[in-house]
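For the sequence shown, the numbering used here assigns the number 273 to the last residue and increments by one with no breaks. Glycine included, each C-beta is placed from N, C-alpha and C at the ideal position. This report concerns only the one structure given below.
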Amino acid sequence: MNLLSTPAARVLAFASSTPGLGRIEMTAGPSIQVHPLTPERWDHLVQLFGAHGASSGCWCMWWRQTASEFAAKAGEKNREEFRAIVASERVPGLLAYEKGVPVGWCSIGPREDFGRLNRSPTLKRVDDSPAWSIVCFYIKPRSRGKGVGAALLQAAVAHAVSRGASVVEGYPLDESTGPVTNAGAFTGVLAMFREAGFKEVARRSARRPIMRREIS
């Protein structure tokens with residue numbers, strides 16, 4: 058199967074020979090590149106997220122924490138916890154660049170990294186498949202609508218497969234069911250996942266299905 062055959066992003070993937078990190082580099086069209094977030098790219102994430110850690114001091118920790126933990130740590134504590142994850146070289150997500158400037162982020166990892174998923178009545182496990190989860194996107198405002206999210210999504214699938222994943226999940230907003238806000242669509246939108254080859258496997262909420270791409 059060609060993992061990157063979806064026409065929306067026209068993504069080309071190149072597996073790196075760097076041992077242990079499973080690095081990949083993506084290009085989407087003439088100006089978008091996607092790279093795994095590694096320690097040397099931390100400052101690029103800070104540049105993209107800004108003082109508020111993308112949103113409300115999140116620093117991409119919301120899915121990893123309980124509600125009380127997030128309330129207590131939003132801001133600098135979350136920043137330091139996420140920096141420690143990046144320093145461990147676990148590669149918790151991917152950065153998109155346009156002409157060398159960071160413009161987008163996608164969080165992906167083994168489903169068990171995101172405890173809030175299984176505590177959610179809407180997003181709890183469908184079955185026991187060892188899935189990887191794509192849990193959020195952040196696109197710089199002026200770069201939205203340029204295919205950055207689609208490029209990140211395709212790159213995330215390729216990254217997961219390079220780490221041995223056979224099932225990749227996403228939890229997008231179904232934009233056909235009502236108004237779409239930036240806050241509501243932080244997990245991506247349904248049309249983007251469908252175009253990337255994902256299929257709906259469960260819907261416990263009218264607006265937020267569980268989508269899967271199975272790799273064979």
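Check, Outcome
"Just the Cα atoms here: how many angstroms apart are Glu257 and Ile191?", "14 Å"
"Exposed or buried, what is Asp231 when buried is set at 16 or more other beta-carbons lying within 10 Å of its beta-carbon?", "buried"
"Is the CB-CB distance between Arg270 and Val183 below 9 Å?", "no"
"Using 10 angstroms around the beta-carbon of Ile81, count the other beta-carbons present and answer buried if the total reaches 16, otherwise exposed.", "The predicted position of Ile81 is uncertain, since its pLDDT is 42 and thus under 50; a value taken from the coordinates is nonetheless stated next. Buried."
"Taking 6 Å as the limit between beta carbons, can you name the residues of its chain near Phe250, skipping five residues before and five after?", "Gly227, Pro229 and Met268"
"Could you give the first and the last residue of the continuous alpha helix (DSSP H) run that contains Arg102?", "In the sequence under discussion, the amino acid at residue 102 is Leu, which differs from the Arg named in the question. It spans Trp99 to Phe106 - the alpha helix (DSSP H) in which Leu102 sits, taken as one unbroken run."
"Which same chain residues end up closer than 6 Å to Ser88 when comparing Cβ atoms and leaving out the 5 residues on each side of it in sequence?", "Glu155 and Lys156"
"Go through its chain and collect everything with a Cβ distance to Trp99's Cβ below 7 Å, but skip five positions before and after it.", "Arg140 and Val143"
"Does the distance from the C-beta atom of Leu174 to that of Ile165 stay below 9 Å?", "no"
"Would you mind sorting Ala263 into buried or exposed? The rule is 16 or more other CB atoms within 10 Å of its CB.", "exposed"
"Identify the residues that DSSP records as bridge partners of Lys256: which are they?", "Arg269"
"Under 8 Å Cβ to Cβ from Gly235, same chain only, skipping five residues before and after it: list those, please.", "Arg264"
"Can you look up Ser190 in the DSSP assignment and give me helix, strand or coil?", "strand"
"How many whole angstroms separate the CB atoms of Trp162 and Leu102, which I take to be in contact at a CB cut-off of 8 Å?", "7 Å"
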